[in-house]
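Respectively, the protein sequence lines represent chains P and D. Sequence positions in the first sequence follow UniProt numbering and run 1 to 156. Sequence positions in the second sequence follow UniProt numbering and run 1 to 196. Ideal placement from N, C-alpha and C gives every residue a C-beta, glycine not left out.
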Amino acid sequence: MTKTGRIFTLLLRLLASGATLAATIIMVTSHDSAEVLNLTFEAKYSNESTFKYFVIAEAVASGYSLIVLFISSKSLLRHLVMILDVVITTLLSSSVSAALAIAHVGKKGNSHAGWLPICGQVHKFCNQVTGALIAGFIAAIIYLVLLLYTLHTVYI
Amino acid sequence: MALETERKTEAIFNSTPARKQKDRILLLLRLVAFLATASATIVMALNKQTNTLVVATIGNNPIKANLTAKFQYTPAFVFFVVANGMASFHNCFILVLEIVGHRIDYKGLRLAIIAILDMLIVVLAAAGDGAAVFMAELGKNGNSHARWNKICDKFQTFCDHGTGALIASFIGLILLLIINIISIAKLFKPKSDITI
Numbered sequence: 001m002t003k004t005g006r007i008f009t010l011l012l013r014l015l016a017s018g019a020t021l022a023a024t025i026i027m028v029t030s031h032d033s034a035e036v037l038n039l040t041f042e043a044k045y046s047n048e049s050t051f052k053y054f055v056i057a058e059a060v061a062s063g064y065s066l067i068v069l070f071i072s073s074k075s076l077l078r079h080l081v082m083i084l085d086v087v088i089t090t091l092l093s094s095s096v097s098a099a100l101a102i103a104h105v106g107k108k109g110n111s112h113a114g115w116l117p118i119c120g121q122v123h124k125f126c127n128q129v130t131g132a133l134i135a136g137f138i139a140a141i142i143y144l145v146l147l148l149y150t151l152h153t154v155y156i
Numbered sequence: 001m002a003l004e005t006e007r008k009t010e011a012i013f014n015s016t017p018a019r020k021q022k023d024r025i026l027l028l029l030r031l032v033a034f035l036a037t038a039s040a041t042i043v044m045a046l047n048k049q050t051n052t053l054v055v056a057t058i059g060n061n062p063i064k065a066n067l068t069a070k071f072q073y074t075p076a077f078v079f080f081v082v083a084n085g086m087a088s089f090h091n092c093f094i095l096v097l098e099i100v101g102h103r104i105d106y107k108g109l110r111l112a113i114i115a116i117l118d119m120l121i122v123v124l125a126a127a128g129d130g131a132a133v134f135m136a137e138l139g140k141n142g143n144s145h146a147r148w149n150k151i152c153d154k155f156q157t158f159c160d161h162g163t164g165a166l167i168a169s170f171i172g173l174i175l176l177l178i179i180n181i182i183s184i185a186k187l188f189k190p191k192s193d194i195t196i
């Protein structure tokens with residue numbers, strides 16, 4: 001791989017680790033409570049199994065990105081890194097998609113199932129989840145670009 | 001003279017029994033993956049259940065209403081059907097290419113193009129699976145914090161069919177991931193060793 005190629009890859013990995021870390025932190029600190037008709041309505045990320053999965057997946061991807069930053073592109077491990085890249089991209093994309101599906105139910109509700117939207121009551125929680133989802137989406141796209149770029153340079 | 005020897009060596013490489021068996025195993029895996037994703041698409045697309053439920057009680061008379069559960073009511077399931085449809089189409093296309101168009105090539109990039117397409121489809125199918133599985137979990141267990149009731153106790157057949165489609169889709173996804181990893185591993189070898 002040429003020098004510019006290596007620098008570009010390094011930069012992409014740095015960006016990806018930053019994005020995944022941001023997504024994890026924003027989701028973990030999302031918290032809001034509301035009072036509706038004398039009932040305290042508390043919204044945390046841990047109430048939903050999907051958001052827990054999102055946090056775990058983004059944390060794993062973040063840790064992986066940071067560790068792989070230190071593996072140079074000429075070592076013997078680079079094949080394993082490429083395969084793990086595919087697995088991590090899959091994980092990231094599925095976690096963002098799952099969280100997005102549940103957040104959509106939270107925002108718009110589902111009239112056929114009798115599920116009311118909750119974003120009207122807990123604005124802050126909804127905004128933070130949206131921010132975490134955007135960061136996760138950016139991370140997934142960066143990983144996809146990184147994967148295609150590595151494949152392109154390795155094959156040539 | 002050198003060109004002839006090179007062609008003969010290439011012919012020998014291409015028809016080693018071990019290599020042919022590996023290719024056949026890959027082809028078999030891809031066939032199973034195609035069947036799995038296609039069945040997931042079809043089962044979820046035909047998923048529909050109508051049930052008569054008691055909606056309210058006025059005095060002594062229960063009011064019954066016909067409620068339907070369809071897959072189109074949930075965007076996650078619609079995405080699931082679309083993603084698995086695209087995955088099964090891709091599998092079918094590559095199967096046909098491997099069986100019939102064995103010599104079609106583009107500047108020697110055939111294996112790379114197949115690997116890249118596989119990667120994209122794996123990511124798409126994983127997204128579809130993730131969304132659908134968590135939506136199904138929400139339908140099965142509900143969410144007491146958000147006051148969302150579960151629906152699986154009233155629409156048992158709908159949930160069962162959905163579970164079957166999800167399992168088939170996951171099998172297809174795992175097989176596709178294995179095929180993709182094997183294809184990428186083939187790319188790592190130097191070009192003269194690759195059988196096309």
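Point to revise | Neighbour-count burial assignment, residue 19 of chain P, 16 or more Cβ in a 10 Å radius | key: By the neighbour-count rule (16 or more Cβ atoms within 10 Å), residue 19 of chain P is buried.
Exercise for review: Answer yes or no: do residue 84 of chain D and residue 122 of chain D have a C-beta to C-beta separation smaller than 8 angstroms?
Suggested key: In this structure, residue 122 of chain D does not lie closer than 8 angstroms to residue 84 of chain D by Cβ.
Check your understanding: Between residue 24 of chain D and residue 119 of chain D, what straight-line distance do the alpha-carbon atoms span, to the nearest angstrom?
Key -> About 21 angstroms.
Check your understanding: Which word fits residue 19 of chain D, buried or exposed, when buried means at least 16 other C-beta atoms lie within 10 angstroms of its C-beta?
Key -> The residue in question, residue 19 of chain D, is exposed, as its Cβ has fewer than 16 Cβ neighbours within 10 Å.
Point to revise | N-terminal and C-terminal residue of the beta strand (DSSP E) that residue 36 of chain P is part of | key: Note, residue 36 of chain P: beta strand (DSSP E), 31-36.
Check your understanding: Any idea if residue 59 of chain D is buried or exposed, counting beta-carbon neighbours within 10 angstroms, 16 or more meaning buried?
Key -> With fewer than 16 other beta carbons inside 10 angstroms of its own, residue 59 of chain D counts as exposed.
Review point. Where residue 98 of chain P and residue 17 of chain D are concerned, what is the direct C-alpha to C-alpha distance, given to the nearest angstrom?
Key: Their Cα atoms are separated by approximately 44 angstroms.
**Study point:** From P:124, P:111, P:107, P:93, residue whose alpha carbon lies closest to that of residue 124 of chain D
**Key:** Its Cα nearest to that of residue 124 of chain D, the residue P:93 stands out among P:124, P:111, P:107, P:93.
Exercise for review: Would you list, in chain order, the members of the stretch 87-99 of chain P that have their beta-carbon closer than 7 angstroms to a beta-carbon of chain D?
Suggested key: So the close ones are 89, 90, 93, 94, 95, 97, 98.
**Study point:** Beta-bridge pairing of residue 48 of chain D - partner residues as DSSP gives them
**Key:** In the DSSP output, where bridge partners are listed per residue, residue 48 of chain D has D:70.
Exercise for review: Give a yes or no on whether 8 angstroms exceeds the smallest Cβ distance from residue 184 of chain D to chain P.
Suggested key: Look at residue 184 of chain D: its C-beta is under 8 angstroms from a C-beta on chain P.
Point to revise | Endpoints, the beta strand (DSSP E) within which residue 40 of chain P is located | key: Run containing residue 40 of chain P: 39-44, per the beta strand (DSSP E) assignment.
Practice item. Return no unless some Cβ of chain P is closer than 8 angstroms to the Cβ of residue 115 of chain D. Key: By this cut-off, residue 115 of chain D is an interface position.
Check your understanding: Looking at C-alpha atoms only, which residue of D:57, D:173, D:65 is the closest neighbour of residue 112 of chain P?
Key -> The option with the nearest alpha carbon to residue 112 of chain P is D:65.
**Study point:** Start-end ranges of the alpha helix (DSSP H) lying completely within the UniProt domain "Casparian strip membrane protein" (4-141) of chain P, minimum 4 residues
**Key:** Unbroken alpha helix (DSSP H) stretches of 4 residues or longer found wholly inside the UniProt domain "Casparian strip membrane protein" (4-141) of chain P: 49-68, 78-108, given in chain order.
Exercise for review: State the CB to CB distance for the pair residue 59 of chain P and residue 89 of chain P, rounded to an integer number of angstroms; the pair is presumed to be in contact (CB under 8 angstroms).
Suggested key: With a Cβ gap of about 16 angstroms, residue 59 of chain P and residue 89 of chain P do not count as contacting.
**Study point:** Opening and closing residue of the alpha helix (DSSP H) in which residue 101 of chain D lies
**Key:** Per DSSP, residue 101 of chain D lies in no alpha helix (DSSP H) segment and is marked neither H nor E.
Review point. Within 8 angstroms (strictly less), CB to CB, does residue 47 of chain P reach chain D?
Key: True, the Cβ-Cβ gap to chain D drops below 8 angstroms.
Practice item. Measure from the C-beta of residue 110 of chain P to each C-beta in chain D and report whether the shortest distance is under 8 angstroms. Key: So yes, residue 110 of chain P belongs to the interface.
Check your understanding: When DSSP builds the beta bridges, which residues end up paired with residue 54 of chain D?
Key -> Answer by DSSP bridge pairing, in chain order: D:64.
**Study point:** Closer than 8 angstroms to chain P by CB, residue 168 of chain D
**Key:** At a cut-off of 8 angstroms between beta carbons, residue 168 of chain D makes no contact with chain P.
Check your understanding: Going along the chain, which residues of its own chain have a beta-carbon closer than 8 angstroms to the beta-carbon of residue 27 of chain D, five neighbours each way excluded?
Key -> Only 95, 98, 99 meet the Cβ criterion.
Check your understanding: For residue 149 of chain D, which of helix, strand or coil comes out of DSSP?
Key -> Reduced to three states, the DSSP call for residue 149 of chain D is coil.
Practice item. Give the single residue among P:27, P:17, P:39, P:4 whose Cα lies nearest to the Cα of residue 85 of chain P. Key: Checked all of P:27, P:17, P:39, P:4; the closest Cα to residue 85 of chain P is P:17.
Practice item. For residue 36 of chain P, count neighbouring Cβ atoms within 10 angstroms of its own Cβ and tell me buried if that reaches 16, exposed if not. Key: With fewer than 16 other beta carbons inside 10 angstroms of its own, residue 36 of chain P counts as exposed.
Review point. Whose Cβ in chain P lies nearer than 9 angstroms to the Cβ of residue 73 of chain D?
Key: 110, 111, 112, 113, listed in chain order.
Check your understanding: Opposite residue 143 of chain D in the DSSP bridges: which residues?
Key -> D:148, per the DSSP bridge assignment.
Exercise for review: Please go through the same chain and pick out, in chain order, the residues whose beta-carbon is closer than 8 angstroms to the beta-carbon of residue 146 of chain D, but skip the five residues on each side of it.
Suggested key: Hits under 8 angstroms: none found.
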